[in-house]
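Colleague: The listed protein sequences correspond, in order, to chains A and B. FYI, the numbering for the first sequence is 3 to 125, going by the working numbering. FYI, the numbering for the second sequence is 7 to 162, going by the working numbering.
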Amino acid sequence: MKIKQEAIGDVYVLRLSGQLMGGPDADSVRETILSALNQGYKSLLVDLKDVSWVNSTGLGILISSHITVANNGGSLKLMRVSRRIDSIFMVTRLNTVFQVFDSEPEALASFRSDSESSKSREN
Amino acid sequence: MAKSPPEPRASGTNRIELSLPSRLEYLGILDHLVQAIAEQMDFDADARDAIANSVIEAATNAVQHAHQHRHELPVTFAFEMKPDVLDIWVRDLGPGFDLEEVTSADPTGPEGLLRSRGRGIFIMRAMMDEVEFDIHEGGVIVHMWKYVVPQGSPKA
Chain A
3 MKIKQEAIGD
13 VYVLRLSGQL
23 MGGPDADSVR
33 ETILSALNQG
43 YKSLLVDLKD
53 VSWVNSTGLG
63 ILISSHITVA
73 NNGGSLKLMR
83 VSRRIDSIFM
93 VTRLNTVFQV
103 FDSEPEALAS
113 FRSDSESSKS
123 REN
Chain B
7 MAKSPPEPRA
17 SGTNRIELSL
27 PSRLEYLGIL
37 DHLVQAIAEQ
47 MDFDADARDA
57 IANSVIEAAT
67 NAVQHAHQHR
77 HELPVTFAFE
87 MKPDVLDIWV
97 RDLGPGFDLE
107 EVTSADPTGP
117 EGLLRSRGRG
127 IFIMRAMMDE
137 VEFDIHEGGV
147 IVHMWKYVVP
157 QGSPKA
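#1: Please name the residues in the region 41-68 of chain B whose beta-carbon is closer than 8 Å to at least one beta-carbon of chain A, in chain order.
#2: Is DSSP giving A/Met81 helix, strand or coil here?
#3: In chain B, which residues lie with their C-beta within 8 Å of the C-beta of A/Gly24?
#4: Check whether the Cβ atoms of B/Ile36 and B/Ile62 lie closer than 9 Å to each other.
#5: Which chain A residues are close to B/Ile94, counting only those with a beta carbon under 8 Å from its beta carbon?
#6: If you count every other CB in all the chains shown that lies within 10 Å of the CB of A/Thr98, and 16 or more means buried, which is it?
#7: Closer than 7 Å by C-beta to B/Ile141: which residues in its own chain qualify, once you throw out the five before and the five after it? Chain order, please.
#8: Helix, strand or coil for B/Val155, going by three-state DSSP, please let me know.
#9: Would you kindly work out how many angstroms separate the C-alpha atoms of B/Gly145 and B/Gly100, rounded to a whole number?
#10: Would you kindly work out how many angstroms separate the C-alpha atoms of A/Ser77 and B/Leu39, rounded to a whole number?
#11: Taking only beta-carbon atoms, is A/Thr34 less than 9 Å away from chain B?
#12: Using a beta-carbon distance below 9 Å, is B/Arg121 in contact with chain A?
#13: Taking the straight line between their C-alpha atoms, what separation do you get for A/Arg95 and A/Gly11?
#14: What's the gap between the Cα of A/Val102 and the Cα of B/Leu30?
#15: Measuring straight from C-alpha to C-alpha, what distance separates B/Phe83 and B/Trp95?
#16: Answer with yes or no whether the minimum CB distance from B/Thr82 to chain A is below 9 Å.
#17: Mind pulling the chain A residues with CB within less than 7 Å of B/Arg125?
#18: Residues of chain B with CB under 9 Å from A/Ser89, in chain order?
#19: Between which two residues does the beta strand (DSSP E) harbouring B/Ala84 extend?
#20: Do you know offhand how far A/Thr59's Cα is from A/Ser122's?
#21: Would B/Ser122 pass as a contact of A/Gly62 if the rule is Cβ separation under 9 Å?
#22: Return the first residue and the last residue of the alpha helix (DSSP H) that B/Ala72 is part of.
#23: Quick one: residues in its chain with C-beta nearer than 8 Å to the C-beta of B/Lys88, no 5 flanking neighbours on either side, listed in chain order?
#24: DSSP three-state call for A/Tyr14: helix, strand or coil?
#25: List, in order along the chain, the chain D residues whose C-beta lies closer than 7 Å to that of B/Thr114?
#26: The alpha helix (DSSP H) with B/His38 in it runs from where to where?
#27: Quick check: what's the CA-CA separation for B/Ile147 versus A/Ser84?
#28: Just to confirm, is the Cβ distance from A/Val48 to A/Leu16 under 9 Å?
#29: Check B/Arg97 in the structure and name its three-state DSSP category.
Structure below.
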């Protein structure tokens, strides 16, 4: 599995490609997430458009990442999940854990919306 | 108890067999083969994905848990294409496991949802029509099958 990274404003985007299935994948994703958090990013977005499939170990990687980011006061969201991966999310009810978006603009807008909601609560 | 896979028969039968070293990086090859077999049997796209997801889970369990990533231990697969059903066997050489213990927790419940492990067998059972485990000290044989026409549908 390969990971490309880029920052779009305050959002750190991880673009995964290949299959997410455990083994070295877990280390790569964990290191990338920690690096983003250490750089001060709180909004992380994982693009799964080019991920052909995920096994249960890969799901575990996503869950661990979600928890790590949340424990650091941030949020991790997913986008462009294939129908095949979505079927696994539905069956395992992980669709109730992850926020998943069909498009990048929608996903990015959701972080802005979160930020505005947070600011209005502080005022 | 699941039947052991029949002995290999002469070519001409609708049976495909595969042996893979215990390497996660080879699961992509397996996935392509399973998708091709399911397409050959005219399963629709959702069913092809369900079958592939299930076989991948069985293979993952074999590589990670049964064989502990020992590359030299083979995971063997048999696919039998019948007119109304795809029969699949996945065999490992591991020490076996306690099925009841492994499947006791509900991975979709409040306590299980955020666990990073424990979904493989659940996914298989959710996506295939039937899944059976033949567990013994010499290894495990997972036998699963999916009907071409879903049981209970008007066409069945």
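Heads up, the beta-carbon is just placed ideally off N, CA and C, and yes, glycines get one too. All values reported here derive from a predicted model rather than from experimental measurement.
Modeller: Once the coordinates are examined:
#1: Of all residues in the region 41-68 of chain B, Ala51, Asp52, Asp55, Ala56, Ala58, Asn59, Ile62, Glu63, Thr66 have a Cβ within less than 8 Å of some Cβ in chain A.
#2: Walking along the first sequence from the start, residue 81 of chain A turns up at place 79. Correct three-state label for A/Met81: strand.
#3: For the purposes of this step, residue 24 of chain A is taken as the residue at position 22 of the first sequence. By Cβ distance, chain B contributes Leu30, Thr66, Gln70.
#4: The residue given as residue 36 of chain B occupies position 30 in the second sequence. The residue given as residue 62 of chain B occupies position 56 in the second sequence. Going by the sequence as given, residue 36 of chain B is Leu instead of Ile. Cβ distance < 9 Å, so B/Leu36 and B/Ile62 count as in contact.
#5: Within the second sequence, the letter at position 88 stands for residue 94 of chain B. Residues of chain A passing the Cβ test: none, with the nearest at roughly 16 Å.
#6: Along the first sequence, read from residue 1 onward, the residue named residue 98 of chain A stands at position 96. Exposed.
#7: Within the second sequence, numbered from 1, the residue matching residue 141 of chain B stands at position 135. Closer than 7 Å at the Cβ level, and outside the excluded window around B/Ile141, lie Gly102, Phe103, Leu105.
#8: Position 149 of the second sequence, counting from 1, holds the residue named residue 155 of chain B. B/Val155 falls in the coil class under three-state DSSP.
#9: Your numbering for residue 145 of chain B matches position 139 in the second sequence. Your numbering for residue 100 of chain B matches position 94 in the second sequence. Going from the Cα of B/Gly145 to the Cα of B/Gly100 covers about 5 Å.
#10: Taking the first residue of the first sequence as position 1, residue 77 of chain A is located at position 75. Taking the first residue of the second sequence as position 1, residue 39 of chain B is located at position 33. So the two alpha carbons sit approximately 37 Å from each other.
#11: Taking the first sequence and counting its residues from 1, the one referred to as residue 34 of chain A is at position 32. Taking Cβ atoms only, chain B never reaches closer than 9 Å to A/Thr34, which makes this a no.
#12: Position 115 of the second sequence, counting from 1, holds the residue named residue 121 of chain B. In terms of beta-carbon proximity, B/Arg121 lines the interface with chain A, with at least one pair separated by less than 9 Å.
#13: What you label residue 95 of chain A is simply residue 93 of the first sequence in a count that begins at 1. What you label residue 11 of chain A is simply residue 9 of the first sequence in a count that begins at 1. Going by the C-alpha atoms only, they are around 31 Å apart.
#14: Counting from 1 along the first sequence, the entry for residue 102 of chain A is found at position 100. Counting from 1 along the second sequence, the entry for residue 30 of chain B is found at position 24. Approximately 27 Å, taken between the alpha carbons.
#15: Reading the second sequence from its first residue, position 77 is the one you call residue 83 of chain B. Reading the second sequence from its first residue, position 89 is the one you call residue 95 of chain B. One C-alpha to the other measures close to 6 Å.
#16: What you label residue 82 of chain B is simply residue 76 of the second sequence in a count that begins at 1. So, not an interface residue.
#17: Residue 125 of chain B sits at position 119 when you count from the first residue of the second sequence. Under the 7 Å cutoff, chain A gives Ser58, Leu61, Thr94.
#18: If you number the first sequence from 1, residue 89 of chain A lands on position 87. Under the 9 Å cutoff, chain B gives Asp52, Asp55, Ala56, Asn59, Met133.
#19: Position 78 of the second sequence, counting from 1, holds the residue named residue 84 of chain B. Looking at the DSSP string, the run of the beta strand (DSSP E) that includes B/Ala84 is 80-87.
#20: Numbered from its first residue, the first sequence carries residue 59 of chain A at position 57. Numbered from its first residue, the first sequence carries residue 122 of chain A at position 120. Approximately 39 Å, taken between the alpha carbons.
#21: To locate residue 122 of chain B, count along the second sequence from 1; it is residue 116. To locate residue 62 of chain A, count along the first sequence from 1; it is residue 60. It is a contact, given that the beta carbons lie within the stated cut-off.
#22: Residue 72 of chain B sits at position 66 when you count from the first residue of the second sequence. Run containing B/Ala72: none; DSSP gives neither H nor E here.
#23: The count along the second sequence starts at 1 and reaches residue 88 of chain B at position 82. Counting only Cβ-Cβ distances below 8 Å, and skipping sequence neighbours, we find Asn20.
#24: Numbered from 1 along the first sequence, position 12 holds the residue referred to as residue 14 of chain A. Looking at A/Tyr14 - three-state DSSP - the assignment turns out to be strand.
#25: The chain labelled as chain D is not found among the protein chains of the depicted structure, namely A and B.
#26: In the second sequence, the residue the question calls residue 38 of chain B occupies position 32. Its alpha helix (DSSP H) spans residues 33-46.
#27: Residue mapping note: residue 147 of chain B aligns to position 141 of the second sequence, counting from 1. Residue mapping note: residue 84 of chain A aligns to position 82 of the first sequence, counting from 1. Approximately 30 Å between the Cα atoms of the pair.
#28: Position 46 of the first sequence holds residue 48 of chain A. Position 14 of the first sequence holds residue 16 of chain A. Yes, Cβ-Cβ distance for A/Val48 and A/Leu16 is below 9 Å.
#29: Within the second sequence, numbered from 1, the residue matching residue 97 of chain B stands at position 91. B/Arg97: strand per DSSP, three-state reduction.
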